[in-house]
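Residue numbers (the numbering used here), protein chains in the order written: chain Y, 1210 to 1518; chain P, 1210 to 1518. Scroll down for the structure; my scribbles are underneath it.
Protein chains: 2
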Amino acid sequence: MPGASGAIIFSDMAVIECVPNVSEGRRTDVIDRMADALRAVPGMRVLDVQSDATHNRSVFTLAGDAPAMIAGLPVLFEQAIANIDLRTHKGEHPRLGAVDVVPFIPIDGVTMPECIALAKTIAADVASRCQLPVFLYEEASANPARKNLEDIRRGEFEGLATKMAQPAWAPDYGPAAPHPTAGASVIGARMPLIAYNINLATNRLEVAKKIASAIRMSSGGLRYVKAMGIPLEDRGIVQVSMNLTNYEKTPIFRVFDLVKREAERYGVSVLESEIVGLVPAAALRQSVEYYLQLEGFTGAQVLENRLRS
Amino acid sequence: MPGASGAIIFSDMAVIECVPNVSEGRRTDVIDRMADALRAVPGMRVLDVQSDATHNRSVFTLAGDAPAMIAGLPVLFEQAIANIDLRTHKGEHPRLGAVDVVPFIPIDGVTMPECIALAKTIAADVASRCQLPVFLYEEASANPARKNLEDIRRGEFEGLATKMAQPAWAPDYGPAAPHPTAGASVIGARMPLIAYNINLATNRLEVAKKIASAIRMSSGGLRYVKAMGIPLEDRGIVQVSMNLTNYEKTPIFRVFDLVKREAERYGVSVLESEIVGLVPAAALRQSVEYYLQLEGFTGAQVLENRLRS
């Protein structure tokens, strides 16, 4: 049977994606040890490891079923906590914990409620195992004030003790005070996220910032878009850097067309766009169907999908 | 390692596609027996069977490695020859043989030269086994006058004896005269073909015919496009019906944009387009990259491809 994305993957096998973000992007030995420990877990696939030395942060892209996740995540937490000390951690990216955020994402043969349940199971487990405060976020959080990662992370590691002293910020699991070196972790479930950037043929940063403001949900734009305007100094151009948080509802092509139209307002053209990391095939298919006005097209017509069924 | 299409399929395994067209589209028992015979061949995948009663023709889409093809195609030929008599065959689609045409198509882990060699091996085998004349075509043919399927098939079964009496039309393999009931077969190798139709919001057939003339290679259009304008009477609209014979060189998006622009000339809009049957993932990715101005994007970034490696 084709999966929700139209891709025929492992029939009857659950595929959950997990994208832990860890606060180490410089010491490759530490990063490699974490990756190797994950690879050793039966049923766990390590699809990708991206490290950023400026951010001092690494992003692991994992895939597997629920048992693989339940076995594998504690391994990662133990490694991270043993090797990372946030009291001496410096980097451009905001962080709350040694393991900063762990989203679970339904890919095929698994539902969002199942991913939420998995997030809670693992949150309870690592909180107790590692004596670590854990906050649920996104779909796993029932509290609107504690749903958005940015809201939970605000104050970062340095402000955590003060924050957790307030009743409103008691953790969902684990001790009432921060872990002395590992802070707190944020665990939850969400739709696949697409990291999407559009580069503009100008060096005027305010153009990128204005377009980002127009396109993101928070300042009146499209619902499932987070965006910021940044300079790409080595290239002398600017970028609208985005996270598309629900491509099914706010598709890539609509974001692209809107940014392009807004750029025209400033006499600026779109130079290029880029997808960072992985993107579900269905998100690409959406855009093809839009631009080619394709009717009745399904993932089952993609040759490579038929070879895998 | 990613394959040429960027899809990571069966690493190190050759995937050849074969699309035999057989002159039977009405008797489902005959068609089923041919499909079942093919399914019984080890390593042979029957991806699709499409039958058209008006054409009185069926198209099988097969995939496998060279040994599967060498074992499987003779089985199909024997079944077809035993069950189809062209002397009593009537149908809308032109035909030369009981097995009319057999293209081999490189998909992954296999080259065009390898597919050409396979076509010749199988041509020699079935010609001798079935006492059947066989003509090579497309990439397997070294003779420009005998490269195009339409040129070889012209005259159809009924004109074949006369045609083959000419020295220029001696077959590449097999007897010098047609098989009395099975005619002759055409075997070769080609790039993946995309059956692509664009429906126009008008009932003016001449608009579709003019656009088809503008877009197809034969009358001055894009090199790897065959096109015709046809009416869709049940819907009161018209269609530019196309075969895109080399999507790597003449991509879908260029065809779409050109048809759309030509239609504007007549005050007609594109209602929708459709892909008939299977399409390689890379052909879709090409179009996404074009419309989204995507830079640096590869098939390895498609989530489902990473799950299959």
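Glycine included, C-beta positions come from ideal geometry on N, C-alpha and C.
Query                                                                                                                                                                                     : Result
Leaving aside the five residues before and after Pro1315 (chain P) along the sequence, list all residues of the same chain whose C-beta is less than 6 Å from its C-beta, in chain order. : Met1321 and Cys1324
According to the Cβ coordinates, are Val1468 (chain Y) and Ile1403 (chain Y) closer than 8 Å?                                                                                             : no
Taking His1388 (chain Y) and Pro1342 (chain Y) to be in contact with their CB atoms under 8 Å, please state how far apart those CB atoms are, rounded to whole angstroms.                 : 7 Å
Looking at the structure shown, is Phe1506 (chain Y) part of a helix, part of a strand, or coil, going by DSSP?                                                                           : coil
Tell me, please, which residues DSSP counts as bridged to Ala1436 (chain P).                                                                                                              : P:Met1451
On the DSSP bridge assignment, give the partners of Glu1481 (chain P) in chain order.                                                                                                     : P:Asn1408
Use the C-beta contact count for Gln1510 (chain Y): other C-beta atoms within 10 angstroms, 16 or more gives buried, fewer gives exposed.                                                 : buried
Check the DSSP bridge columns for Leu1271 (chain Y) and list the partner residues they point to.                                                                                          : Y:Cys1227 and Y:Val1255
With DSSP as the reference, label Pro1401 (chain P) as helix, strand or coil.                                                                                                             : coil
Distance check for Val1224 (chain Y) and Gly1368 (chain Y), CA to CA, integer angstroms please.                                                                                           : 37 Å
I need the DSSP call for Ser1394 (chain Y), collapsed to helix, strand or coil.                                                                                                           : strand
If the cut is a Cβ gap below 7 Å, which residues of chain Y does Gln1502 (chain P) touch?                                                                                                 : Val1479, Glu1481 and Ser1482
Quick check on Gln1340 (chain P): buried or exposed, where buried means 16 or more other Cβ atoms within 10 Å of its Cβ?                                                                  : exposed
Does the count of Cβ pairs from the stretch 1263–1273 of chain P and the stretch 1227–1235 of chain P closer than 8 Å reach three?                                                        : yes
What does a CB cutoff of less than 7 Å around His1264 (chain P) pick up in its chain, not counting 5 residues either side in sequence?                                                    : Gly1234, Gly1300, Glu1301 and His1302
Helix, strand or coil: how does DSSP classify Gly1212 (chain Y) here?                                                                                                                     : Low per-residue confidence applies at Gly1212 (chain Y): pLDDT is 33, beneath 50, and the placement is therefore not dependable enough to give any value.
Establish whether the CB of Gln1448 (chain Y) and some CB of chain P are separated by less than 8 Å.                                                                                      : no
Quick one: does Phe1465 (chain Y) have its CB under 8 Å from some CB of chain P?                                                                                                          : yes
Please confirm if Ala1291 (chain P) has its CB atom under 8 Å from at least one CB of chain Y.                                                                                            : no
Distance, Cα to Cα, Ala1370 (chain P) vs Ala1386 (chain P)?                                                                                                                               : 6 Å
So with Cβ pairs under 8 Å, would you call Gly1505 (chain P) a contact of chain Y?                                                                                                        : yes
Is the Cβ of Val1488 (chain P) closer than 8 Å to any Cβ of chain Y?                                                                                                                      : yes
If the cut is a Cβ gap below 9 Å, which residues of chain Y does Ile1316 (chain P) touch?                                                                                                 : Leu1512, Glu1513 and Leu1516
Would you tell me roughly how many angstroms separate the C-alpha atoms of Leu1431 (chain P) and Ala1423 (chain Y), rounded to the nearest one?                                           : 40 Å
List the residues of chain P that Ser1496 (chain Y) touches, going by C-beta distances under 7 Å, in chain order.                                                                         : Val1497, Tyr1500 and Leu1501
With DSSP as the reference, identify every bridge partner of Gly1486 (chain Y), one or two as the case may be.                                                                            : Note: Gly1486 (chain Y) sits in no beta bridge, so no partner.
I'd like to know whether the C-beta of Val1224 (chain P) is nearer than 8 Å to at least one C-beta of chain Y.                                                                            : yes
Candidates P:Trp1378, P:Leu1285 and P:Met1278: which alpha carbon is nearest Ala1352 (chain P)'s?                                                                                         : Contrary to the premise, residue 1352 (chain P) reads as Asn rather than Ala in this sequence. Measuring from the Cα of Asn1352 (chain P), the nearest candidate turns out to be P:Trp1378.
What do you reckon, are the CB atoms on Ala1289 (chain P) and Ile1396 (chain P) nearer than 8 Å?                                                                                          : no
Hey, is the stretch 1437–1444 of chain P in contact with the stretch 1459–1477 of chain Y, meaning 3+ C-beta pairs nearer than 8 Å?                                                       : no
Using 8 Å for Cβ pairs, my map puts Ala1490 (chain Y) next to Gln1448 (chain Y). What's the rounded Cβ distance?                                                                          : Actually they do not touch by this definition, with Cβ atoms about 25 Å apart.
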